[in-house]
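*Asks:* Below is the structure I would like to discuss, written out as structure tokens.
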């Protein structure tokens, strides 16, 4: 990680694991333990989710460390997660407070689940709901859906994560096993409905 070349705030993550993140701010570098972070990421580079949980698309991936510009915002950063089945957005997770101050996953993060028209759905997955007044339907939601569907088009299923900063859409990541495919739905009806969207015949 080229810390000496980084001037400003950056988010550091990997392309093959979840939750191994760090926030680097060059203006506060004296309080940033570079050696600790390097050790953390070197350890992460040895991980392979295929052998842990049989997430097969990670089996032959080349592990990499990604350094991205930090997304500055005066309001809570909302993570829009588009669940795409056969290239079509069917469900949207909106997560709030997903990252702690150091960039790691925040266990207190909350989540609302919407349909593609941005109507709140009556179930939860993995996280509790937050106050709906904290998020409004984005004016450019149709554009975000278009981007998510274009990205997801080659795949039977994936989740496309986007950020929306005053109308400026930023790509977060694409994942094929949200929550390691282990998070439970709060009711069976929702589980069955979402399952019906996937045709693997």
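Numbering (our numbering), first residue to last: 122 to 322. Just so it is clear, CB atoms sit at the ideal spot from N, CA and C, and this is done for glycine as well. Source: prediction; values computed, not measured.
(1) Beta strand (DSSP E) containing residue 283: first to last residue?
(2) Whether or not the segment 184–203 and the segment 274–286 are in contact is what I'm after, with contact meaning three or more pairs of Cβ atoms, one per stretch, closer than 8 Å; do they touch?
(3) Quick one, which of 187, 242, 154, 172 has its alpha-carbon nearest residue 214's?
(4) Apart from the five residues on each side of it in sequence, which residues of its chain come closer than 8 Å, Cβ to Cβ, to residue 249?
(5) Can you give me the C-alpha to C-alpha distance between residue 163 and residue 240, rounded to a whole angstrom?
(6) Which of the three DSSP states is assigned to residue 183 in this structure?
(7) Quick one: is the Cβ of residue 169 within less than 7 Å of any heavy atom of the ligand COA?
(8) Write down the C-beta distance between residue 191 and residue 262 rounded to the nearest angstrom, noting that I regard them as a contact closer than 8 Å.
(9) Could you give the C-beta distance for residue 187 and residue 136, rounded to a whole number, given that I count them as a contact under 8 Å?
(10) Counting only runs of 3+ residues fully inside the segment 221–286, write out the beta strand (DSSP E) ranges in chain order.
(11) Go ahead and label residue 219 buried or exposed: buried means 16 or more other beta carbons lie within 10 angstroms of its beta carbon, across all protein chains shown.
(12) Tell me whether the beta-carbon of residue 315 lies closer than 8 Å to the beta-carbon of residue 212.
(13) By how many angstroms is the C-alpha of residue 322 removed from the C-alpha of residue 146?
(14) For residue 166, I'd like the list of residues in its chain whose CB is within less than 6 Å of its CB, leaving aside the five on either flank, ordered along the chain.
(15) Which residue from 312, 313, 302, 306 puts its Cα closest to that of residue 171?
(16) Taking all protein chains shown into account, do 16 or more other C-beta atoms lie within 10 angstroms of the C-beta of residue 216, making it buried, or fewer, making it exposed?
(17) Can you check which of these residues, 168, 150, 129, is closest to residue 141 by C-alpha distance?
(18) Report buried or exposed for residue 273, applying the criterion of at least 16 other Cβ atoms within 10 angstroms of its Cβ.
*Replies:* Reading from the atomic positions:
(1) For residue 283, the enclosing beta strand (DSSP E) has its first and last residue at 278–286.
(2) A contact exists between the segment 274–286 and the segment 184–203.
(3) Of the residues 187, 242, 154, 172, the one whose Cα lies closest to the Cα of residue 214 is 242.
(4) If we look at residue 249 and ignore the five residues flanking it on each side, its Cβ neighbours are 231, 232.
(5) The alpha-carbon atoms of residue 163 and residue 240 are separated by roughly 42 Å.
(6) Collapsing the DSSP output to three states places residue 183 in coil.
(7) In terms of ligand content, the structure shown is empty, and the ligand COA therefore cannot be addressed.
(8) Contact annotation, residue 191 with residue 262: C-beta distance approximately 24 Å; criterion of less than 8 Å not satisfied.
(9) Yes, they are in contact, since the Cβ atoms of residue 187 and residue 136 sit about 6 Å apart, within 8 Å.
(10) You should have 231–235, 278–286.
(11) With 16 or more other Cβ atoms within 10 Å, it is buried.
(12) Pairing residue 315 with residue 212 gives a Cβ-Cβ distance under 8 Å.
(13) In this structure, the straight-line span from the alpha carbon of residue 146 to that of residue 322 is close to 49 Å.
(14) Same-chain partners within the cutoff: 184.
(15) Ranking 312, 313, 302, 306 by CA distance to the CA of residue 171 puts 302 first.
(16) Under this definition residue 216 is a buried residue.
(17) Of 168, 150, 129, the residue nearest in Cα terms is 168.
(18) Under this definition residue 273 is a buried residue.
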